[in-house]
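*Asks:* Sharing a structure here in structure tokens format.
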Amino acid sequence: MKLPKVEIPALSGVGVPLRFEVPEAERAGVLVVDDMPDKATALAAVIAELGIKVTTAHSGREALRLLLARDYALILLDVRMPTMDGYETAQLIHSRPRTAYTPIIFVTAESAAEDDRARGYGAGAVDWIVSPIAPEILKAKVGVFVNLYYLNYFVRQEVKQRREAEEALKAREELLQQILNLLPVGVFVCDAQGSITRINPAGHEIWGGSRYVGLDGYGEYLGWRLDDGRAIAADEWALAVALKTGETIRNQEAEIQCFDGSRKFIRNTAMPLRDAERRIIGGIAVNMDVTDLKRTERQLRESNNEISAKNAQLETATRLKSEFLANMSHELLTPLNAIIGFSELLKDGVMGEIPPEQQTCVVDIFDSGTHLLALINDILDLSKIEAGRMTLETEPMDIASVLQSGLTMLREKAMAHRVRLTLAPPPEPCEIQADTRKFKQIFYNLLSNAVKFSPADGEVRVVARRVGRDAVRLDPPEGMASRMLPLPDNNYAEFLEVAVSDAGIGISETDLGRLFQSFTQLDASLARRYEGTGLGLALTRRLAELHGGAIGVMSAPGRGSTFICWIPWRTAPAIAEPATSPQEETSRVGTSSVPTRDETAEDPRRVGTSSVPTQGETSRVDTSSVPTREETSEVEPPLALIIEDNDQAAELLRLALDADGFRVLRAADGEEGLALIRRERPDLITLDLLLPKLGGWEILERLKSDPALAGIPVVIASVLADRDRGFALGAKQVLQKPVERAALLEAIEGLGIKRAKGRARFTVLVVDDDPKAVELVAQQLKGRNCKVVRAYGGREALASVGQMTPDLIILDLMMPSIDGFAVVEAIKRRPETSGVPIIILTAKQITRQDRNRLNGFVERILEKSGFDRESFMTEVRRALGDVKEL
């Protein structure tokens, strides 16, 4: 609370009045004691002019009572009062401790005799005033004593404040000492000269000194060394540097020799202490004993060095293992390639007819080789996963197609065991993003196991469904045990669940824990009864986990088993359909992976830009100026170059290519192969990667860097079938040995190489306003026993069908003047062309309205952005009636 200011007039000889801020209750007051009220009132009125509070009393007893309530700066006391005169009153006032030193001025109406004065001073009076009293004299005398009162008050307050400050300082000092005593680090305080003035107990303990060691003892720096071993002098110590520079020195680490002879590592931080004027008055340092930490760090470094050495050994072992597997796979697969390949040629009659008993032997050889190949591939795949070298190659996967393909592959085996295979309808939509090859491997392993362990006349049932993450669990029927491997922690909300159930021998609860381990079969007797190595389920588990999914099983002896696999339900990012009118959609150009040309560019091959014809106008299109652009398939047999160092593998490829209409050359090493490529310019190259003199990868790199050779299609046929690297270096196909004849021929089919003489059987009309897009499609049809007619826009297309009737039309929708929709409508109205199949190949985002408009008129709608050669050719063959000549 702010105290009121009290101003006292200047005393005689004092030029400045005294001002104090004093509480109301502590303000100076004057007590006037007189038995005559008029006289007391007159005195009070004069004193009140000074702004001083005046209290009056009319008897000695009343005055004593008032003095019990508060202190007064001065008492004006009448000498002559009845009952108790001034002398007696003064004696009683000064007899009390509280008022023993309160000044008293006697007031009398007559001059006091010497005896009276002596008596008054003896009673404690400090002065006498004789009536009549001059007001100025009264004010001056009262002012002196009021000023003395305030000076005395100020001194008392200052003494009180100092005492309180000293007590607070003492309390803070005690608190600080308690804190210092509890701190686990050493605290050292010094003055401005660096002499240590205070150390806490932890500091004594760190330095190995007694608490009673003199402070000067710590000024002797005993064998201090920095963390790097360099000796330091006293003036390099953190506290000394802080005093010298005025900066804080942090985390100076050193080894010290303690007073007890031991050596320790300490971490030292020091800073200067400053007064209010920022002058350095001392310093403080904090020492932390980090001896144990240093010891731990040293042990950790040693452990890390050991771990690094062991990791290096493991990396070396892993590298050697990978090299061993690569070498072994090459050594195993090279002869296996010949066994499977030649037995397949014999089995399929490519080498001529053989007797039935020999046919049986050849089939056994082929089946055994295929089984051995599957085993080797499982081992290699498992090794890749364990080494972290196998990655997902996701693509759109049709669930129904993949499941049906798996059933087809095992249908013959199932029929041999009299096992019925059933597939429940898969969920809709039926397409997800997954690694198709690896998912096929998962499904094949589960399905083949189910067939293998099913009894004769049994059933294997496959159910696929779409489930939420919370439904990824096992709910075994009563009496069945279950085991599910944990689902990885990922953000997928939905999963594809594929359950394969059989009515086979079943698995006991104790054996479930051993499932999904490499090279593990549950019963040795089963290994003799059922073929297998125990790798299939281990590989299936790893492939499911690689997808981000899991696998589980429910089973009981004699009740069959249900194996369930879950993989994330990944979908391709949806492309938002723009809110445009049908007319805008018809004229809008979509995004395409096939290069398109600006519609405003001049094209000498393009005919006028009239509007889209209405019904009945189509037949009046002028066709006289429309040129015919045809390409027929009359070519010499193409040349294939086989670069392979193994004679058997080369012969196998030669037989397959020769039977397919190729002329064949062979190079036995990389250098010879590169020389033949430059000299002969073959139409096709089959390339092994593990070659003498010059490796397959280097050959690919040289071909890719040479513009004259970069266009020659290369099919890799090797044990080391690294698809990503092969495609990155320009290979058209990557096949892994042993190469099946069907796979080789399918790869060649996808390359579009002409392989037979003769006239083309089919006429295909390709319609697109973009010449590059037309040429791309034409290139896919080269060598396919067909004639390609090109039309660069809707007007040319209608003119072409007016002159001839094609067997197939491949049509873009987004074209100026006459778009694809109008072309379809016009072609379907003409009786001559109404039955011609049409495949739509467009960059336009097809809307529901577009599909309704084209429904029943076209065979298939393909998007340029997802153009795939094999899928395209499949649709072409289907549209032409599943012909085999294409």
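Under my numbering, think of the first position of the sequence shown as -3, with each following residue one higher. Every residue gets a Cβ at the ideal spot worked out from N, C-alpha and C, and that includes glycine.
Measure the beta-carbon distance from Ile48 to Val142 and round it to whole angstroms, keeping in mind my assumption that it falls under 8 Å.
*Replies:* The residue labelled residue 48 in the question sits at position 52 within the sequence shown. The residue labelled residue 142 in the question sits at position 146 within the sequence shown. Right, their Cβ atoms sit about 6 Å apart.
*Asks:* Just curious, the beta strand (DSSP E) that Gln253 is in, first and last residue?
*Replies:* Position 257 of the sequence shown holds residue 253. From DSSP, the beta strand (DSSP E) with Gln253 extends over 245 to 253.
*Asks:* How long is the line joining the alpha carbons of Glu595 and Ser830, rounded to whole angstroms?
*Replies:* Residue mapping note: residue 595 aligns to position 599 of the sequence shown, counting from 1. Residue mapping note: residue 830 aligns to position 834 of the sequence shown, counting from 1. Since pLDDT at Glu595 reaches only 34, below the 50 mark, its modelled position is unreliable, and no value is offered.
*Asks:* If I follow the unbroken alpha helix (DSSP H) through Cys782, where does it start and stop?
*Replies:* Numbered from 1 along the sequence shown, position 786 holds the residue referred to as residue 782. Unbroken run through Cys782 is the beta strand (DSSP E), 782 to 787; no alpha helix (DSSP H).
*Asks:* Reducing DSSP to helix, strand and coil, say where Leu134 ends up.
*Replies:* Sequence index remark: in the sequence shown, residue 134 carries index 138 (1-based). DSSP places Leu134 in helix when its eight states are reduced to three.
*Asks:* Measuring only the C-alpha atoms, how far is Arg874 from Pro802?
*Replies:* Counted from its first residue, the sequence shown places residue 874 at position 878. Counted from its first residue, the sequence shown places residue 802 at position 806. Taking the straight line from one Cα to the other gives about 16 Å.
*Asks:* If the criterion is Cβ atoms closer than 8 Å, does the pair Trp565 and Leu683 meet it?
*Replies:* Stepping through the sequence shown from its first residue, residue 565 is reached at position 569. Stepping through the sequence shown from its first residue, residue 683 is reached at position 687. No.
*Asks:* Between which two residues does the alpha helix (DSSP H) containing Met411 stretch?
*Replies:* Along the sequence shown, one-based indexing puts residue 411 at 415. Unbroken alpha helix (DSSP H) run through Met411: 395 to 412.
*Asks:* Can you tell me the Cα-Cα spacing of Cys357 and Glu408, whole angstroms?
*Replies:* Indexing the sequence shown from 1 puts residue 357 at position 361. Indexing the sequence shown from 1 puts residue 408 at position 412. C-alpha separation (whole angstroms): 18 Å.
*Asks:* So what does DSSP say about Gln429, is it helix, strand or coil?
*Replies:* Walking along the sequence shown from the start, residue 429 turns up at place 433. It is a strand residue.
*Asks:* Restricting to Cα atoms, I'd like to know which of Phe150, Gln845, Ala236 is closest to Thr265.
*Replies:* Sequence index remark: in the sequence shown, residue 265 carries index 269 (1-based). For the residues Phe150, Gln845, Ala236, the minimum Cα distance to Thr265 belongs to Ala236.
*Asks:* Tyr149 and Glu20 look like a contact to me (Cβ under 8 Å); what is the Cβ gap, rounded to whole Å?
*Replies:* Here the question's residue 149 lines up with position 153 in the sequence shown. Here the question's residue 20 lines up with position 24 in the sequence shown. With a Cβ gap of about 13 Å, Tyr149 and Glu20 do not count as contacting.
*Asks:* Per DSSP, which one or two residues make a beta bridge with Leu661?
*Replies:* Residue 661 sits at position 665 when you count from the first residue of the sequence shown. Answer is Leu637.
*Asks:* Give me, in chain order, the residues of the same chain whose beta-carbon lies closer than 8 Å to that of Ala636; leave out the 5 immediate sequence neighbours on both sides.
*Replies:* As a first step, residue 636 must be located in the sequence shown, where it is residue number 640. Leu653, Phe658, Arg659, Val660, Leu661, Pro678, Asp679, Leu680, Ile681, Thr682, listed in sequence order.
*Asks:* Using the DSSP secondary-structure output, state which residues sit across from Trp444 in a beta bridge.
*Replies:* Walking along the sequence shown from the start, residue 444 turns up at place 448. It is Ser, not Trp, that sits at residue 444 in the sequence shown. In DSSP, Ser444 forms no bridge with anything.
*Asks:* Put Asp123 into one of helix, strand or coil per three-state DSSP.
*Replies:* Within the sequence shown, residue 123 is the residue found at index 127, counting from 1. Of the three classes helix, strand and coil, the one that applies to Asp123 here is strand, per DSSP.
*Asks:* Can you tell me whether Arg315 is buried or exposed, with buried defined as 16 or more other CB within 10 angstroms of its CB?
*Replies:* Residue mapping note: residue 315 aligns to position 319 of the sequence shown, counting from 1. Arg315 should be labelled exposed.
*Asks:* For Ala59, which residues from the same chain have a beta carbon less than 8 Å from its beta carbon, with the 5 sequence-adjacent residues on both sides left out?
*Replies:* As a position in the sequence shown, residue 59 is number 63, starting the count at 1. Excluding sequence neighbours, Ala59 sits near Leu27, Val29, Ala53, Ile71, Leu73, Thr85, Ile89.
*Asks:* For Pro131, which option in Arg650, Ala40, Asp643 has the closest C-alpha, if you only look at C-alpha atoms?
*Replies:* Here residue 131 corresponds to residue number 135 of the sequence shown, with the count starting at 1. Minimum Cα distance to Pro131 is reached at Ala40.
*Asks:* Do the CB positions of Cys561 and Ala540 come within less than 8 Å of each other?
*Replies:* To locate residue 561, count along the sequence shown from 1; it is residue 565. To locate residue 540, count along the sequence shown from 1; it is residue 544. It is a contact, given that the beta carbons lie within the stated cut-off.
*Asks:* DSSP has Asn264 in a bridge; who is on the other side?
*Replies:* For the purposes of this step, residue 264 is identified with residue 268 of the sequence shown, where counting begins at 1. DSSP lists Gln248, Asn283 as partners of Asn264.
*Asks:* Grouping DSSP H, G and I as helix and E and B as strand, with all else coil, what is Gly692?
*Replies:* Translated into the one-based positions of the sequence shown, residue 692 becomes position 696. Reduced to three states, the DSSP call for Gly692 is helix.
*Asks:* From Asp764 to Phe439, what does the alpha carbon distance come to, in whole angstroms?
*Replies:* Here the question's residue 764 lines up with position 768 in the sequence shown. Here the question's residue 439 lines up with position 443 in the sequence shown. Using only the alpha carbons, I get a separation of about 41 Å.
*Asks:* Specify, as a first and last residue, the run of the beta strand (DSSP E) that Ser551 falls within.
*Replies:* Counted from its first residue, the sequence shown places residue 551 at position 555. Start and end: 546 to 551.
*Asks:* By how many angstroms is the C-alpha of Ala655 removed from the C-alpha of Gly789?
*Replies:* Counted from its first residue, the sequence shown places residue 789 at position 793. Counted from its first residue, the sequence shown places residue 655 at position 659. If I take the Cα positions, the gap works out to 41 Å.
*Asks:* Quick one: is Gly116 buried, meaning 16 or more other Cβ sit within 10 Å of its Cβ, or exposed?
*Replies:* Here residue 116 is taken as the residue at index 120 of the sequence shown, counted from 1. Buried, because 16 or more other Cβ atoms sit within 10 Å of the Cβ of Gly116.
*Asks:* Look up Ala59 in the DSSP assignment and give the residues it is bridged to.
*Replies:* As a first step, residue 59 is located in the sequence shown; it is residue number 63 there, counting from the start. Paired residues: none, contrary to the question.
*Asks:* How about the stretch 295 to 311 and the stretch 184 to 200: do they share at least three Cβ pairs that are nearer than 8 Å?
*Replies:* no
*Asks:* Between which two residues does the beta strand (DSSP E) containing Ile712 stretch?
*Replies:* Here residue 712 is taken as the residue at index 716 of the sequence shown, counted from 1. Residues 710 to 714.
*Asks:* Between the C-alpha atoms of Gln429 and Arg537, what's the straight-line distance to the nearest angstrom?
*Replies:* Residue 429 sits at position 433 when you count from the first residue of the sequence shown. Residue 537 sits at position 541 when you count from the first residue of the sequence shown. Gln429 and Arg537: Cα-Cα distance of roughly 19 Å.
*Asks:* So for Val142, helix, strand or coil by DSSP?
*Replies:* The sequence position of residue 142 within the sequence shown is 146, counting from 1. Note: Val142 maps to helix in three-state DSSP.
*Asks:* What does the Cβ neighbour count give for Pro591, buried or exposed, with the cut at 16 atoms within 10 Å?
*Replies:* Within the sequence shown, numbered from 1, the residue matching residue 591 stands at position 595. Only weak support exists for where Pro591 lies, its pLDDT of 33 falling under 50; the coordinates are left without a value.
*Asks:* I need the boundaries of the alpha helix (DSSP H) containing Gly242, first residue and last residue.
*Replies:* Position 246 of the sequence shown, counted from the start, is the residue given in the question as residue 242. Note, Gly242: premise wrong, no alpha helix (DSSP H); not H, not E.
*Asks:* Please state whether the Cβ-Cβ distance between Ala446 and Val494 is less than 8 Å.
*Replies:* Walking along the sequence shown from the start, residue 446 turns up at place 450. Walking along the sequence shown from the start, residue 494 turns up at place 498. Contact: no.
*Asks:* What does the alpha-carbon distance come out to for the pair Tyr146 and Gly25?
*Replies:* Against the sequence shown, residue 146 aligns to sequence position 150. Against the sequence shown, residue 25 aligns to sequence position 29. About 11 Å.
*Asks:* In terms of DSSP beta bridges, what is Ile195 paired with?
*Replies:* For the purposes of this step, residue 195 is identified with residue 199 of the sequence shown, where counting begins at 1. Bridge partners of Ile195: Phe184.
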